[in-house]
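> Numbering (my numbering), first residue to last: -17 to 57. Idealized CB from N, CA, C, for every residue including glycine. From a predicted model like this one, the values you see are computed outputs, not experimental measurements.
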């Protein structure tokens, strides 16, 4: 099951983007409620390797399950 980036917790650090082996993490449009850049995980591409979860320095920004309700995925 893919991981999810909690849009309103993400601080736009982007360590996850460089670490992702399948390039499934993308920048979201605009800013989140904190006024920072944010990223989202393409659930159809994510291989559930967990690297993003390991490298993210922001507590609670990534959860180890697919949670579309927490991740504002652009359409």
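Where do the ends of the alpha helix (DSSP H) carrying residue 33 lie?
Numbered from 1 along the chain shown, position 51 holds the residue referred to as residue 33. Where residue 33 is concerned, the enclosing alpha helix (DSSP H) stretches over 33 to 37.
> Helix, strand or coil for residue -1 per DSSP?
For the purposes of this step, residue -1 is taken as the residue at position 17 of the chain shown. Here residue -1 sits in helix by DSSP.
> How many angstroms separate the CA atom of residue -8 from the CA atom of residue 42?
Along the chain shown, read from residue 1 onward, the residue named residue -8 stands at position 10. Along the chain shown, read from residue 1 onward, the residue named residue 42 stands at position 60. Their backbone Cα atoms lie some 8 Å apart in a straight line.
> Do residue 1 and residue 34 have their C-beta atoms closer together than 8 Å?
Here residue 1 corresponds to residue number 19 of the chain shown, with the count starting at 1. Here residue 34 corresponds to residue number 52 of the chain shown, with the count starting at 1. The answer is yes: Cβ separation under 8 Å.
> Between the alpha carbons of residue 51 and residue -10, how many angstroms are there, rounded?
Here residue 51 is taken as the residue at index 69 of the chain shown, counted from 1. Here residue -10 is taken as the residue at index 8 of the chain shown, counted from 1. Approximately 11 Å, taken between the alpha carbons.
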